[in-house]
Structure formats: C-alpha cells, structure tokens
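Enquirer:
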Ligand SMILES: Nc1ncnc2c1ncn2[C@@H]1O[C@H](COP(=O)(O)OP(=O)(O)OP(=O)(O)O)[C@@H](O)[C@H]1O
Ligand SMILES: [Mg+2]
C-alpha cells in the first residue's frame, strides 16, 4: 500500500470534456442562432408575473419547451373533472392556470370562457335553490357576473390571438345569449365579420342584433353592403352570368341559397322601413 | 506428462526465448484506488513472467492474489500502473493484441436474451469469422463443448456449468492461438471438469497456448506443463510441474495385498540390500475417480435400458 | 509465428453488429411492448380531451398534445434506455467478454449509441404515425360534420411538417442519448446516470435563459464565465419547430436543415467524448 498524491486524471478528463463542449457550442453558433431566432419569434413570451401562481403548483417543468403543451393538457383534463363536479371556483382557477401555461391553443380560451359564462351561472342558481326559488333579479345578477368574467377571459385571449374572428364571435354570443346586451353584441359581431376567415354567420348576426334594438336602417345598409360582396352563381339575381343548363356544384348551390335568403331578408326590411317601390334595392 | 529432463535450476531466463513467448509480462504492477485520499491497493506487484507458446500454463494462488487482475491486464481491460505486457509481441493496450486471444471470464454471464447459438454467432462475427464459414464453425464449437441439444435455448435459462461451456465455445469460436481460461471449472461438476481437462489437452495437441487459473490443484497438475504461484500479487514460485512436484528419489509399488509373513520376507529382502520399506498403505480410489466411474456406469445402464 | 504487423482496423461492420445486438436486447427485454403500450395509451387518452367538438382547432389541439407526449415520453425513454442498455453490459460483465475481443472502444460506444437511437427512432415513428392517423381520422370526421369550418383561410393539415417535426425530435433524442452515454462512460451506477441525464435534459432546455442573461451582464469576467457555461450545453429549444406550424405558415426547410446539422454535430462530438472518457475506464 502506498500513499499517492490525488489522482488528477479524472479531473483532467472532465476539464477536457467541458472545454471541448464549450468549443463545440461556439463553433455551432452560426447554425444555432438563426434557428433559435426563428423558433423564438413564434414562442409567446412567458409572463413572469402571472406565472408565479403556476410555479406554486409544481408545473415548473411543464414550462420547458415541448412539455408546456403536455402540462397544460393534463391540467385541462383536471379542469374538466372539476367541471363535472360543478366546483366553480376550483374549475375557474384551474382554467386560468391552463391558459397561463400555454396560451397558444384557442381551444383553451374559448372553452374556458364558455364554461364560465354559460355553465357556472346555472350551477350557482341551482346551488341557491333552483330557478323557481331564486328571485329573477338575483338570477340576472349571477348571469351578468359570470358573463363579465367570461368576457374578461376572451379579452385576454385577444392579446395572444388578435385577429381571431372566433374570439369576437364568442364574445358577441355571450352578450346576445347571456347578458342580452344586443348593442354590444352587434359591435362584436361586426368585428368578427371583419376578421379574416369568418364564414358569414357573424355578419348576419350583426344585422339581426341591430334589428333587435330597432336600428332597422343600419341593419338594411349593412345587409346591402354584405349582399354586394356575396358570390352569386349563374342564375341568381344580380349574377353577371345567366342561368345555364349545367348543374351547379355543391358550393354554388350553397352560395345561391345564401344569396337568395339575404335578398328576401332585404325585401322584408324594405317593407318594415316602408320604402317606396322605386327606392327598393336592385341587384 | 512428459518426463522433465532438465534439473530444477535450469529454467531458461525469459529473455533467452523471446520469439516463442505467447505472453510476456515485465515488471507488471497494478494498483487500485481504494477509499479516499489516494489510498491504493496493490493487486499485482512487479510481476515478470513468460508464457511460452504451445504450452498449458497454470496461474495459481489463493483468493485475491491477483490472478484475475493479471489476466485483465493481459487482455487490455485494465491498464498497468507500471511495467509492460505483450501478447505475441503486441503491447496489450492495442486492439490488435486481442486478435488471437480467446477469453473465458471467471463466473461468466452472457447476454441472457440470446440463445446459445446466437451468442456464439455474435462473438464469431465480432471476431471476424468469415460469413462463409460462420454457420459451420458455430455448430462445430457448440458440439465441441457438448451443448448441441441446448443451443436453441436462451442463455438466461442455462445452468452454471452450461454457462461455462458456452463461454468456452465463444472463446474458441475464432480459432485463437492463445486461450485464457479464468477458473473454467468453477461450479462445474466433476464430469464436466474432466471434460474440460480433456478439452484443454486437445487444444494443446493442436498447438494452442492455454493460460488457466483454477483452485482445483489436481486438475492443474494433470493438464499443465508449467505453473506460477502468486501470493498478494507477487510471484513466489514458477516452473514446470514435473520440476516442482515430481520426487525422483522415491517410488511407489502397487501389488496385491500380501500376507504378514510375505511382507516380513520382503522387508528382510530389502534390508539385505541396505534399504527400508518406508510405508505400507491401503490405496484408496480418489473420490473424483469414484464419482466419474459411477456416473459412467449409471449412464451406461440407462442407455442399455432405453 | 509472431506477426506484429497484423492490424485490426476500425470496422463499421462490428459497430453495426454491436448496435444490432443492443437493439435486439431492447426488443427481447420487452422494452418495445412498453413503448407500444405507451404510444397506444397516448393516442387513446387524446380521445378523453374531446369533450367539445371544436372544429379545426381540435386538430391543432391533438397535434400539440401528441407532440408534447412525444417530447416528454421520448426524453424519458431516451435517458433510461441509454443508461439501462449501457449498464446492462457493464453490470452483467458482458462488456468484459466483448472488449476482450478485438473490438475498439469506439465501436462499442458508437454501437451502443446507434442501437439506442434506433430504439428511440422506432418510438418516434410509432407515435408520429399514430398521431398522423388520428389527426387524419378526426379531420375526415370534422370535415363531414361541419364543412364550413374548412372553407375559409387555414390550409389542410400539414402532414409533411408533422413528419419533419417528428424527425427533428428524433435527432434531439440522438443528442440526448449521446450526452447520457457520455455521463454513463464515467459514472458508476445506472441510477446516477439517469438522474444526471435528466438534469442535463432540463439544463439543455433552459440554457437559453443563461444566454439571454449574459447579454445584459456588464462585468467582463462574469460575462465570459456565463457565456462559456451556456455554450457547454446544447440548446434544446431550437428543436421546437412545431411552433412554426400555423394556419398560414409551415416549418422553414432551411431552419430544419440547420437544426439537423446542429444535432448531428453534437451527436458526433458527444459520442467522441464518451469514447475518450470510456477508453480510460477499467472494465
Ligand atoms: N476493480 C477493482 N477495484 C479495487 N480492487 C480490486 C479491483 N479488482 C480487484 N481488486 C482487488 O485486487 C486483488 C486481486 O484480485 P483478483 O480478482 O485479481 O484476485 P484473484 O487472484 O483472481 O482471486 P480469486 O481466486 O478469488 O478469483 C483483490 O484484493 C481485489 O480485492
Ligand atoms: Mg479471480
């Protein structure tokens, strides 16, 4: 047996490995930087303030790269379990956590807001004794409260998805169906209709809301403007091409039906507004 | 066993026959770090040894005397702290030094998920046995070690003795010139041990060099040409078996049991020539021989019945 | 008799043999059954999230979820399988027999690496394939149910991009396997390797924070230190190219190629360092 000075070999190996890795890291910077910049540009920035709640819940790991989506998904399932138990406060905070961790999927925002604005008032009214027992005014107050929270969720979602017609439409739906604020609904349906990708329903809803609050002239003007933009297959009023013997495609049949329906609507409004026949719209 | 013509003192110095040595160890020392603060355990201490080509060489010593460590250095699995080691002239640190070496580790354990045949085939391919000869060669060594019936079974199901045999097969599959067997008979029954001894002698007849460690000294004595004894990493004795254990000034005579009167006559006859009868003993069959004989008879009966 | 000139050249055949044997071990040790179970379980569990029919955003949701699962379970599988397949050789002393043959340690290490990488590759292919199958199935069902969702903006599901993302994850797992092998080459136990491996995985995901921090440091020595440390670990965030897949954009081919080159370089460097460290290891 012999006493030797410390064996330096593992230390040397370790240092060499670290040095080689650092050199590799630097050498690869030209490859890494552009790729990282491209990825970074797409990552929604994490808001550290709102994340503090999340960190307490042991989901720190969930914030790392690809794990984020997974952690959010699992929390979402937890939220749905809570939803089935009609546990309003727990569901609400769980949903909040989900959208904080992964604000990318629209799905989370929309469904969160719907649960809050549509399901929770029902739970609360039932918990207070049911629709027969709870006074009407109290019921309205509850619905309004929940709708406000749902709308706030969607408002926050807009900061991540500013051009989503779906978000505007969902907000408008809440005003229409829950708070019965048709004026606000009209404004939001119009916004939805103006976003790219919207299918046309929001535009018609805008006119319907205006009608509901008696603003017929505005509804009429809006419909005329919309009608002008509608595709009109051969044979429909206003189409540049005359009807042919060729059968229409599925798409064309749908378009023709829509155009015809809207024209009928316009005629009804002309009737309501008492417009003389000579001022009636000519497609 | 060939008679030893040379007197004990005349072991030729290793340097006198460099070309024939299969393994050359020069001042080999191996320290293992144990515990903290750089305390070392010297497992092999300044070992200088030659294993001549074409011989069976026994490396003996008590547990922990450094036999396995020496073998690992020879195979390049451990790096010597001091000294050098060459195999057929190639330093054992180089991959090329292992080209002509077959190795059976002590208490071998192989890939459990392979069958015996797959295992041997894998090692054969690793050692570069040409594809054309692969199947034939694998079958040959498996038969050689007597595992043909179990070759299709997973190695994980093998018994201790079967593992030793399959280990021997993988050590031999590429037809190496040097075969190193670390306790090939550990856990093997006497029949198996005897078979392994026979195999070693066959290898020797083919001109191979065999390095073997074992605690079965009777077996070592039967098969080895030379032995070296280690103790705590140091070489304490080396030489041919005949030199080391043969006694040339005594003889044993084996005769039918003599009546007391005839024995007295024999004593007188010897005394007349100035000699004495030193011992009269009842010879006993060695237990291993008895075992072998009885097993052979039982097997013979079973075969006769069936 | 003696031929000191006989060389044993490095052999790809032997490397492939060792890789094949490693792969076979994984297959016969029922590792694959586990993986298959995992993959099917993941896909089945995605059904659980489909509480709401949410049109085309559901597809995005399935994709995010599936990718998250691939990243999470793939990382876990890579670290544990690498450590397990390496230490099974060391602990059962089969490495002793193998390395006593004319085998280069380089062949051994890269053989192990390749074998593990193939195992992980099968997992990636399995999950990606199942994911694509599920998305295609849902896309079909959703298109039949509400075709108007698919008429506006938003292109059909970019299946090609999903495959690219799967391949990039596999490359990342290659880097992770090489790093784990480097750790294994000097560590004594399986458990230690797995723990350090996961630690490194987390650091590689978070190193970008250090990179961003060092840009703001003023003290020069500190800057150099942080810069060095941040370059020692590869940046795993660059593999998150899935973020680039959106309604109007796909994976940038050039970026993907850069990331692939980044990964391959790291695999070679880390593998080489593992060989360097393993050569000093006493078996
Ligand atoms: N890797 C190691 N680390 C520390 N000590 C070791 C190591 N390998 C062997 N030793 C020590 O070296 C000495 C020699 O061991 P070795 O295995 O060579 O003995 P042996 O002669 O083969 O014994 P046995 O007859 O029991 O097989 C022992 O004291 C052992 O504890
Ligand atoms: Mg031993």
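Chains as they are written, first to last, in this note's numbering: chain A, 1 to 283; chain B, 284 to 589; chain C, 590 to 872. Don't be surprised by glycine CBs; every beta carbon is placed ideally from N, CA and C. All values reported here derive from a predicted model rather than from experimental measurement.
Scan the stretch 386-409 of chain B for residues whose Cβ lies nearer than 9 Å to a Cβ of chain C and list them as they occur along the chain.
Expert: Those would be 386, 387, 388, 390, 391, 392, 393, 394, 395, 396, 397, 401, 405, 406, 408 and 409, in chain order.
Enquirer: Take the Cβ of residue 346 (chain B) as the centre, count every other Cβ of all protein chains shown within 10 Å, and call the residue buried at 16 or more, exposed below.
Expert: For the purposes of this step, residue 346 (chain B) is taken as the residue at position 63 of the second chain. With fewer than 16 other Cβ atoms within 10 Å, it is exposed.
Enquirer: Would the beta-carbon of residue 348 (chain B) be found less than 8 Å away from any heavy atom of ligand 1?
Expert: The residue you call residue 348 (chain B) lines up with position 65 of the second chain. Residue 348 (chain B): yes, Cβ under 8 Å from ligand 1.
Enquirer: Taking only beta-carbon atoms, is residue 307 (chain A) less than 9 Å away from chain C?
Expert: The requested residue 307 (chain A) is not part of the displayed model; chain A covers only 1 to 283.
Enquirer: Hey, which unbroken runs of the beta strand (DSSP E) at 3 residues or more fall wholly within the stretch 374-452 of chain B?
Expert: As far as the stretch 374-452 of chain B is concerned, its whole beta strand (DSSP E) runs of at least 3 residues are 384-387.
Enquirer: Should the stretch 347-366 of chain B be regarded as contacting the stretch 318-338 of chain B, the criterion being three or more beta carbon pairs within less than 8 Å?
Expert: In short, these stretches touch, since the Cβ pair count reaches three.
Enquirer: DSSP state of residue 283 (chain A), grouped into three classes?
Expert: For the purposes of this step, residue 283 (chain A) is taken as the residue at position 283 of the first chain. Three-state result, residue 283 (chain A): coil.
Enquirer: Who are the neighbours of residue 378 (chain B) on chain C, taking C-beta pairs under 8 Å?
Expert: Numbered from its first residue, the second chain carries residue 378 (chain B) at position 95. Neighbours of residue 378 (chain B) on chain C, chain order: 597, 691, 692 and 693.
Enquirer: Measuring CB to CB, does residue 209 (chain A) end up less than 9 Å from residue 228 (chain A)?
Expert: Against the first chain, residue 209 (chain A) aligns to sequence position 209. Against the first chain, residue 228 (chain A) aligns to sequence position 228. No, the pair does not count as a contact, with Cβ atoms beyond the cut-off.
Enquirer: Would you say the beta carbon of residue 345 (chain B) is closer than 8 Å to some non-hydrogen atom of ligand 1?
Expert: Here residue 345 (chain B) refers to the residue found at position 62 when the second chain is read from its first residue. Flag set: Cβ of residue 345 (chain B) near ligand 1.
Enquirer: When you compare the CB of residue 167 (chain A) with every CB in chain C, is at least one pair closer than 9 Å?
Expert: Working through the first chain from its first residue, we reach residue 167 (chain A) at position 167. False, the Cβ-Cβ gap to chain C never drops below 9 Å.
Enquirer: Could you give the first and the last residue of the continuous alpha helix (DSSP H) run that contains residue 473 (chain B)?
Expert: Working through the second chain from its first residue, we reach residue 473 (chain B) at position 190. 473-488 is the span of the alpha helix (DSSP H), which, as asked, contains residue 473 (chain B).
Enquirer: Check the Cβ-Cβ distances between residue 358 (chain B) and every residue of chain C, and say whether any is below 9 Å.
Expert: As a working note, residue 358 (chain B) is residue 75 in the second chain. It does: the Cβ of residue 358 (chain B) has a partner Cβ on chain C nearer than 9 Å.
Enquirer: What is the rounded straight-line gap between the Cα of residue 592 (chain C) and the Cα of residue 372 (chain B)?
Expert: To locate residue 592 (chain C), count along the third chain from 1; it is residue 3. To locate residue 372 (chain B), count along the second chain from 1; it is residue 89. At residue 592 (chain C), the pLDDT of 44 sits below 50, so the modelled position is not reliable; the number obtained from the coordinates is stated separately. Computed Cα separation, rounded: 8 Å.
Enquirer: Compute every distance between the C-beta of residue 340 (chain B) and the non-hydrogen atoms of ligand 3, then say whether any falls below 8 Å.
Expert: Among the ligands modelled here, namely ligand 1 and ligand 2, ligand 3 does not occur.
Enquirer: With 9 Å as the limit, tell me which residues of the stretch 810-829 of chain C have their beta carbon closer than that to any beta carbon of chain A; keep them in chain order.
Expert: Those residues of the stretch 810-829 of chain C that come within reach of chain A (Cβ to Cβ, closer than 9 Å) are 816, 817, 818, 819, 820, 821, 822, 823, 824, 825, 826, 827, 828 and 829.
Enquirer: If you draw a straight line from the C-alpha of residue 721 (chain C) to the C-alpha of residue 206 (chain A), how long is it?
Expert: Taking the third chain and counting its residues from 1, the one referred to as residue 721 (chain C) is at position 132. Taking the first chain and counting its residues from 1, the one referred to as residue 206 (chain A) is at position 206. Residue 721 (chain C) and residue 206 (chain A): Cα-Cα distance of roughly 39 Å.
Enquirer: Taking Cβ positions, are residue 688 (chain C) and residue 697 (chain C) nearer each other than 9 Å?
Expert: Residue mapping note: residue 688 (chain C) aligns to position 99 of the third chain, counting from 1. Residue mapping note: residue 697 (chain C) aligns to position 108 of the third chain, counting from 1. Contact flag set, yes.
Enquirer: Is it the case that the stretch 442-460 of chain B contacts the stretch 396-409 of chain B, given that we only count it when at least three CB pairs across the two stretches are under 8 Å?
Expert: Yes, the stretch 396-409 of chain B touches the stretch 442-460 of chain B.
Enquirer: With DSSP collapsed to three states, give me the class of residue 274 (chain A).
Expert: For the purposes of this step, residue 274 (chain A) is taken as residue 274 along the first chain, with counting starting at 1. Three-state DSSP puts residue 274 (chain A) in coil, outside helix and strand.
Enquirer: Among C:800, C:661, C:694 and C:710, which one has its Cα closest to the Cα of residue 829 (chain C)?
Expert: As a first step, residue 829 (chain C) is located in the third chain; it is residue number 240 there, counting from the start. Selected option, being the one with the closest Cα: C:661.
Enquirer: Any heavy atom of ligand 2 closer than 8 Å to the Cβ of residue 351 (chain B)?
Expert: In the second chain, counting from the first residue as 1, residue 351 (chain B) sits at position 68. It does: the Cβ of residue 351 (chain B) is within 8 Å (strictly closer) of some heavy atom of ligand 2.
Enquirer: Can you tell me the Cα-Cα spacing of residue 843 (chain C) and residue 850 (chain C), whole angstroms?
Expert: One-based indexing of the third chain puts residue 843 (chain C) at position 254. One-based indexing of the third chain puts residue 850 (chain C) at position 261. Those two C-alpha atoms are separated by around 11 Å.
Enquirer: So does the stretch 89-100 of chain A actually touch the stretch 112-120 of chain A, counting three or more Cβ pairs closer than 8 Å?
Expert: Yes, the stretch 89-100 of chain A touches the stretch 112-120 of chain A.
Enquirer: Compute every distance between the C-beta of residue 871 (chain C) and the non-hydrogen atoms of ligand 2, then say whether any falls below 8 Å.
Expert: On the third chain, position 282 is the one that residue 871 (chain C) refers to. Flag unset: Cβ of residue 871 (chain C) not near ligand 2.
Enquirer: Using a Cβ cut-off of 8 Å, pull out every chain B residue sitting near residue 614 (chain C), in sequence order please.
Expert: As a working mapping, residue 614 (chain C) is identified with position 25 in the third chain. The answer, in chain order, is 394 and 396.
Enquirer: DSSP state of residue 872 (chain C), grouped into three classes?
Expert: Taking the first residue of the third chain as 1, we reach residue 872 (chain C) at position 283. Coil.
Enquirer: At a CB-CB cut-off below 9 Å, which residues of chain B make contact with residue 681 (chain C)?
Expert: Taking the third chain and counting its residues from 1, one reaches residue 681 (chain C) at position 92. Residues of chain B passing the Cβ test: 392, 393, 394 and 395.
Enquirer: Report all residues from its chain with a CB closer than 7 Å to the CB of residue 298 (chain B); omit the five preceding and five following residues, and keep chain order.
Expert: Here residue 298 (chain B) refers to the residue found at position 15 when the second chain is read from its first residue. Low confidence applies here, because residue 298 (chain B) scores a pLDDT of 44, under 50, leaving its location unreliable and the question unanswered by this model.
Enquirer: Going by the C-beta, is residue 627 (chain B) closer than 8 Å to any heavy atom of ligand 1?
Expert: Any question about residue 627 (chain B) goes unanswered here, given that chain B covers just 284 to 589.
Enquirer: Would you say residue 598 (chain C) and residue 410 (chain B) are within 9 Å of each other, going by their C-beta atoms?
Expert: Here residue 598 (chain C) corresponds to residue number 9 of the third chain, with the count starting at 1. Here residue 410 (chain B) corresponds to residue number 127 of the second chain, with the count starting at 1. Not closer than 9 Å, so no.
Enquirer: Are residue 341 (chain B) and residue 513 (chain B) closer than 9 Å when you measure CB to CB?
Expert: On the second chain, residue 341 (chain B) is found 58 positions in, with the first residue counted as 1. On the second chain, residue 513 (chain B) is found 230 positions in, with the first residue counted as 1. Against a cut-off of 9 Å, the Cβ pair of residue 513 (chain B) and residue 341 (chain B) comes out as no contact.
Enquirer: Indicate, with yes or no, if ligand 2 has a heavy atom lying under 8 Å from the CB of residue 686 (chain C).
Expert: Here residue 686 (chain C) corresponds to residue number 97 of the third chain, with the count starting at 1. Every heavy atom of ligand 2 is 8 Å or more from the Cβ of residue 686 (chain C), so no.
Enquirer: Just the C-alpha distance for residue 129 (chain A) and residue 86 (chain A), rounded to the nearest angstrom, thanks.
Expert: Taking the first residue of the first chain as 1, we reach residue 129 (chain A) at position 129. Taking the first residue of the first chain as 1, we reach residue 86 (chain A) at position 86. The straight-line gap from Cα to Cα measures roughly 15 Å.
Enquirer: Evaluate residue 137 (chain A) with the Cβ neighbour count: other Cβ atoms within 10 Å of its Cβ, from every protein chain shown; 16 or more gives buried, anything less gives exposed.
Expert: The residue labelled residue 137 (chain A) in the question sits at position 137 within the first chain. Its Cβ having fewer than 16 others within 10 Å, residue 137 (chain A) is exposed.
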